[in-house]
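Participant: The sequence shown lines up with residues 0 to 419 when you count with numbering that gives the first Met the number 0.
Even for Gly, the Cβ is constructed at its ideal location relative to N, Cα and C.
On a predicted model such as this, the values are computed, not experimentally measured, just so you know.
Next up is a structure, given as structure tokens.
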Amino acid sequence: MAWNRKEIRPGQVVRERVLSAKKPYVSYTRRITRVKTDQRLVTIAFDDGPVDLPASPDKFSGRALTDILLDTLREYGALGTFCMVGDTGENYPDAVGRAGRPRWNGLRFDHYPDINQDERGGVVNNPEIVGRILAEGHQAVNHSYRHIPFGRLPFPYGKRACLGNLEQVMADLARLHGLLEEKHGYTMTMGRPPWYMDRISGGYTSLDAFDQMEYLYLAGSFRGESSQPLESLQAEADAMVMPMGKVLAANPDALCGQIICQRDGYNTVRRTPVVFGLRKQLDLLQRYGYRVVTAQQLVESSPFADVGPGEPGFNKLVWLQKTRAIAYWDNCLRLDAPMTWGELAMLLAPRKEAVHRRIQQIRETGKSQHPHWGAMDWCAEQGILKYAMDPDGPVKSLPMEFFDPIQGYTRRQVYEAFRD
0 MAWNRKEIRP GQVVRERVLS AKKPYVSYTR RITRVKTDQR LVTIAFDDGP
50 VDLPASPDKF SGRALTDILL DTLREYGALG TFCMVGDTGE NYPDAVGRAG
100 RPRWNGLRFD HYPDINQDER GGVVNNPEIV GRILAEGHQA VNHSYRHIPF
150 GRLPFPYGKR ACLGNLEQVM ADLARLHGLL EEKHGYTMTM GRPPWYMDRI
200 SGGYTSLDAF DQMEYLYLAG SFRGESSQPL ESLQAEADAM VMPMGKVLAA
250 NPDALCGQII CQRDGYNTVR RTPVVFGLRK QLDLLQRYGY RVVTAQQLVE
300 SSPFADVGPG EPGFNKLVWL QKTRAIAYWD NCLRLDAPMT WGELAMLLAP
350 RKEAVHRRIQ QIRETGKSQH PHWGAMDWCA EQGILKYAMD PDGPVKSLPM
400 EFFDPIQGYT RRQVYEAFRD
């Protein structure tokens with residue numbers, strides 16, 4: 000299911016087009032929006048936490064906002080996916096924006112949970128909450144250390160600071176990744192860019208950064224709360240559950256495999272409808288027989304957007320994707336499409352070689368390169384393919400040391416014949 004367009008944050012349509020305008024290509028990093036499954040499994044992902052400040056209005060005796068969410072999830076036997084930031088305390092000097100406007104929490108930077116309250120948010124400042132999240136089986140996702148967009152944001156965030164190049168993006172992601180490993184013994188496997196901003200200067204995208212981090216890109220398919228403040232807290236809490244109720248009433252399986260996006264924090268008028276609406280959402284999902292699982296569990300149950308467990312050869316495809324690039328960046332397999340030389344190279348080349356060679360070539364030449372350039376270069380160097388081959392040209396023969404004989408060269412046929 001696509002985003003409910005009435006609920007999209009300002010500028011989100013523009014940002015989504017950075018990747019959506021690109022032709023899908025086979026990639027190690029898959030952008031997980033939803034997966035194909037007939038099981039009633041769903042993921043709820045919370046951005047921008049953890050938060051040590053109380054709910055607003057506080058009806059929980061001062062308990063930390065993230066702890067309230069964890070209490071609610073535990074009550075329903077649900078597992079959350081927490082897209083965490085490291086610390087926004089370095090994002091000064093800055094000034095507060097107008098309440099109710101997109102830049103409410105900073106004119107040049109984001110500040111979580113609020114401007115001048117940075118020490119109450121993020122992984123750095125909340126080790127006990129992070130420990131609880133992990134101990135209770137929830138998932139942590141890298142939402143960047145300082146929550147600075149990877150590239151220039153469009154209106155209304157045009158004056159917001161952004162990271163200047165791929166090296167800065169990588170350093171920021173690695174900083175939070177290393178913090179979780181060092182302090183909590185946890186290795187993150189997924190990332191979500193701040194504001195879903197995918198463009199990075201120099202011709203890169205967030206896929207290039209996540210390729211090097213060996214992450215999956217956690218996106219989303221259903222907005223779980225209104226991005227804009229409404230006339231009251233009650234209206235905002237109701238707006239969290241009514242769209243879900245309407246969708247499920249029309250089709251009880253509509254949310255199967257979907258990723259619902261929330262915020263672990265305040266809205267632009269400093270209220271927290273999430274702590275009041277989450278219970279209603281979980282109650283609704285429970286009545287329809289859904290299990291709320293982590294994004295990792297969702298992907299492990301069914302990795303792809305267009306091929307589910309009922310597909311012939313599904314188990315082999317699942318096995319292949321664990322070590323090989325077989326899906327497009329939009330997480331579709333397109334099994335009946337012709338296999339191209341570039342896609343074949345991505346199947347055969349080692350991941351580190353394919354990623355490193357392409358990035359290095361861009362740095363050395365200052366020019367963008369075909370997404371499969373690194374894999375093609377490695378395969379040509381090994382004598383498996385030829386340098387003159389068009390990466391987008393259809394495969395006309397196979398290196399038989401890797402494949403059983405087949406008739407035809409669709410992607411499905413090539414994967415079925417592959418010998419590892």
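Just how far apart, CA to CA, sit Arg350 and His146?
Facilitator: 28 Å
Participant: Counting only runs of 4+ residues fully inside the stretch 26 to 80, write out the alpha helix (DSSP H) ranges in chain order.
Facilitator: 64 to 74
Participant: Below 8 Å CB to CB, which residues in the same chain sit around Val240 once its five sequence neighbours on both sides are set aside?
Facilitator: Gly276, Lys279, Gln280, Leu283
Participant: Please state whether DSSP places Pro393 in a helix, a strand or coil.
Facilitator: strand
Participant: Look at the alpha carbon of Gln406 and the alpha carbon of Arg174, and state the distance between them as a whole number of angstroms.
Facilitator: 49 Å
Participant: Tell me the DSSP bridge mates of Phe108?
Facilitator: DSSP output for Phe108 lists no bridge partner at all.
Participant: Could you tell me the alpha carbon to alpha carbon distance between Leu179 and Val84, rounded to whole angstroms?
Facilitator: 11 Å
Participant: So, at 8 Å on beta carbons, what are the nonlocal neighbours of Pro404 in its own chain, with the 5 sequence-adjacent residues on each side left out?
Facilitator: Ala416
Participant: What three-state label does DSSP hand Val12 in the structure shown?
Facilitator: A caution first: Val12 carries a pLDDT of 41, below 50, which makes its placement in the model too unreliable to give a value.
Participant: Leaving out the 5 sequence neighbours to the left and right, which residues in its chain are closer than 6 Å to Pro148 when beta-carbon positions are compared?
Facilitator: Residues Cys161, Pro193, Trp194, Met196 of the same chain have their beta carbon placed closer than 6 Å to that of Pro148, with the five preceding and five following residues left out of the count.
Participant: Report the partner residues of Met189 according to the DSSP bridge assignment.
Facilitator: Leu215
Participant: Under a Cβ-count criterion, where at least 16 other Cβ atoms within 10 Å of its own Cβ denotes burial, should Trp318 be classed as buried or exposed?
Facilitator: exposed
Participant: Let's test the definition: count the other Cβ atoms within 10 Å of the Cβ of Met243 and tell me whether it reaches 16, buried, or not, exposed.
Facilitator: Burial call: buried.
Participant: From the DSSP output, which residues share a beta bridge with Thr339?
Facilitator: Pro393
Participant: Does the distance from the CB of Arg222 to the CB of Cys260 come in under 8 Å?
Facilitator: Yes. Within cutoff.
Participant: Between Val123 and Asp93, how many whole angstroms is the CB-CB distance? I'm expecting something under 8 Å.
Facilitator: In this structure Val123 is not in contact with Asp93, their Cβ atoms being roughly 18 Å apart against a cut-off of 8 Å.
Participant: Would you check if the distance between the CB atom of Leu68 and the CB atom of Asp237 is smaller than 8 Å?
Facilitator: no
Participant: Have a look at Ala379 and Gly309 and give me their C-alpha separation to the nearest angstrom.
Facilitator: Roughly 37 Å between the two C-alpha positions.
Participant: Less than 6 Å between C-beta atoms, sequence neighbours within five positions excluded: which residues of the same chain meet that for Arg191?
Facilitator: If we look at Arg191 and ignore the five residues flanking it on each side, its Cβ neighbours are Cys82, Val140, His142, Leu217.
Participant: Under 8 Å by Cβ, that's how I've got Gly341 and Pro390 pegged, so tell me the actual separation to the nearest angstrom.
Facilitator: 3 Å
Participant: Quick check on Ala379: does DSSP put it in helix, strand or coil?
Facilitator: helix
Participant: My output table needs one value for Gln227: the three-state DSSP class, helix, strand or coil.
Facilitator: In this structure, DSSP gives Gln227 a state outside helix and strand, which the three-state scheme calls coil.
Participant: How would you write the range of the beta strand (DSSP E) that Gln261 sits in, first residue to last?
Facilitator: 257 to 262
Participant: Within 10 Å of its beta-carbon, does Met399 have 16 or more other beta-carbons around it, so buried, or fewer, so exposed?
Facilitator: exposed
Participant: Would the beta-carbon of Arg30 fall within 8 Å of that of Arg107?
Facilitator: no
Participant: Is it true that the stretch 289 to 302 meets the stretch 123 to 135, where meeting means three or more beta-carbon pairs spaced less than 8 Å apart?
Facilitator: no
Participant: Can you tell me whether Met0 is buried or exposed, with buried defined as 16 or more other CB within 10 angstroms of its CB?
Facilitator: Because Met0 sits at a pLDDT of 29, beneath the cut-off of 50, its placement in the model cannot be relied upon, and the point is left open.
Participant: Give a yes or no on whether the C-beta atoms belonging to Ile358 and Asp207 are separated by under 8 Å.
Facilitator: yes
Participant: Among Gly79, Thr364, Pro101, which has the Cα closest to the Cα of Pro153?
Facilitator: Pro101
Participant: Any idea what DSSP makes of Gln296, helix, strand or coil?
Facilitator: helix
Participant: Indicate the three-state DSSP secondary structure (helix, strand or coil) for Phe149 in the structure shown.
Facilitator: The answer is coil: DSSP assigns Phe149 none of H, G, I, E or B.
Participant: Among Tyr24, Glu127, Gly48, Val41, whose alpha-carbon lies nearest the alpha-carbon of Val298?
Facilitator: Val41
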